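Step one of this worksheet: look at the structure below.
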Amino acid sequence: MSGEEIVALVIMAACCFGGGILFWSLSIHARRTGKPVSFWAGREVYPQWIDDIPGYNRENSLMWKVYSLPYFISGGVACFYWLDDGFIIASMVVLLLAGFPGVWLLIHQYRKIERKYMNPKILDKADPFC
183 MSGEEIVALV IMAACCFGGG ILFWSLSIHA RRTGKPVSFW AGREVYPQWI
233 DDIPGYNREN SLMWKVYSLP YFISGGVACF YWLDDGFIIA SMVVLLLAGF
283 PGVWLLIHQY RKIERKYMNP KILDKADPFC
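Using my numbering, count along the sequence shown one by one with no gaps and you end on 312.
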């Protein structure tokens, strides 16, 4: 393995693990905070909108933990590049699946959490996409 390949591998693994740490940190924040967490940037979720704040935050926390896993897996798989070139391709495939369909699944899961915990009267007015 050449020096350039090692640098590329280190950068890719660091980015993957960094993404995983970022999303895992969001899950920790969601679990520990006493006020309802917001999924969408710029949109506040008021406590009076949520029927069970600890349950709402717990499910948001789990959602972010699950979403962080492909990033950790991708970083781990990338570290085995020195064994075979196929590992870097597998790592990229995992990242692509987390990035495109994964975001759609993340939004879908958040919508389910909203429907479960948000007051139905507020849900209709809070977000036109719900």
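Positions of the beta carbon are idealized from the N, C-alpha and C atoms, including for glycine. These figures come from a predicted structure and were not determined experimentally.
{"Check": "Own chain partners of Met313 with C-beta closer than 6 Å, once the 5 adjacent residues on each side are dropped", "Outcome": "Nothing can be reported for residue 313: it is not among the residues displayed for the chain, which extend from 183 to 312."}
{"Check": "Local Cβ density within 10 Å of Gly216, reported as buried at 16 or more and exposed below that", "Outcome": "exposed"}
{"Check": "Closest Cα partner of Val248 within the set Met183, Asp266 and Ile203", "Outcome": "Ile203"}
{"Check": "Backbone secondary structure at Met274 - three-state DSSP", "Outcome": "helix"}
{"Check": "With 16 other Cβ atoms within 10 Å as the buried cut-off, status of Phe221", "Outcome": "buried"}
{"Check": "Where the alpha helix (DSSP H) containing Val259 begins and where it ends", "Outcome": "Ile235 to Ala260"}
{"Check": "For Ile232, the residue or residues it bridges with in DSSP", "Outcome": "Met300"}
{"Check": "Inter-residue spacing [alpha-carbon to alpha-carbon] between Gly284 and Ser209", "Outcome": "16 Å"}
{"Check": "Sequence-distant residues of the same chain with beta carbon closer than 6 Å to Phe262, five excluded per side", "Outcome": "Phe269"}
{"Check": "Separation of Gln230 from Leu191, as counted between CA atoms", "Outcome": "48 Å"}
{"Check": "Residue burial classification, Glu226 (beta-carbon count within 10 angstroms, cutoff 16)", "Outcome": "exposed"}
{"Check": "Three-state class that DSSP yields for Glu314 in the structure shown", "Outcome": "What is shown of the chain runs 183 to 312, which leaves residue 314 out entirely."}
{"Check": "Pairwise C-alpha distance: Ile271 and Lys298", "Outcome": "38 Å"}
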